[in-house]
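If you're matching positions, the sequence shown starts at 806 in the working numbering and goes up one per residue.
Backbone N, C-alpha and C define an ideal beta-carbon position, used for all residues, glycine too.
Bear in mind that the values here come from a model prediction, so they are computed numbers and not experimental data.
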Amino acid sequence: LSGSWPAKVRPLLLKVSQGLFLFFALYVTIIVFAVIRVIGAIFLRDTLDAAHNDAEHLVAERLKKKAQDVAKLEQVFRDIDESEDGIITEKVLSGVLSNPKCQAYFQTLDLDVNEGSALFRLLDQGDGEVTLDE
Numbered sequence: 806l807s808g809s810w811p812a813k814v815r816p817l818l819l820k821v822s823q824g825l826f827l828f829f830a831l832y833v834t835i836i837v838f839a840v841i842r843v844i845g846a847i848f849l850r851d852t853l854d855a856a857h858n859d860a861e862h863l864v865a866e867r868l869k870k871k872a873q874d875v876a877k878l879e880q881v882f883r884d885i886d887e888s889e890d891g892i893i894t895e896k897v898l899s900g901v902l903s904n905p906k907c908q909a910y911f912q913t914l915d916l917d918v919n920e921g922s923a924l925f926r927l928l929d930q931g932d933g934e935v936t937l938d939e
């Protein structure tokens with residue numbers, strides 16, 4: 806549209822009026838500008854939608870990973886609790902955490918368990934035992 810307008814305006818300029826030429830030039834300029842703005846707005850909207858969906862996807866992935874980690878820790882607690890009474894003492898936890906395989910497993914969950922007694926004191930609510938709820 807904007808590339809061929811001088812050829813279409815020349816007869817208007819020569820045969821009709823110079824005032825119509827100015828009107829037509831202004832009209833073409835405004836229309837081309839408006840079309841470019843609309844196209845830019847569409848691209849911007851699509852980009853923002855994609856970014857918003859990425860943020861929602863990231864939050865959903867983190868919540869899913871957190872739920873999986875909690876389920877894994879609950880299973881580890883049940884595996885550590887040999888008496889199946891739902892209680893783990895500091896001695897039992899320290900013994901389990903001294904195992905290199907157990908330490909490596911906790912590191913895959915991004916948990917540093919090099920100090921078993923510190924972990925126990927962190928989880929314990931003062932009764933000397935850790936339950937699954939704690």
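Compare the beta carbon distance of residue i and residue j with 8 Å and say whether it is the shorter of the two.
i: T936; j: G900; result: no
i: D886; j: I893; result: yes
i: D874; j: L914; result: yes
i: V814; j: F829; result: yes
Per DSSP, which residues does residue i bridge with? Please list them.
i: T936; result: I892
By the DSSP assignment, the alpha helix (DSSP H) with residue i in it spans what residues?
i: G824; result: 823-885
i: Q908; result: 905-913
How close, in whole Å, do the beta carbons of residue i and residue j come, if the pair is a contact with beta carbons under 8 Å?
i: V918; j: L924; result: 6 Å
i: L825; j: L819; result: Actually they do not touch by this definition, with Cβ atoms about 11 Å apart.
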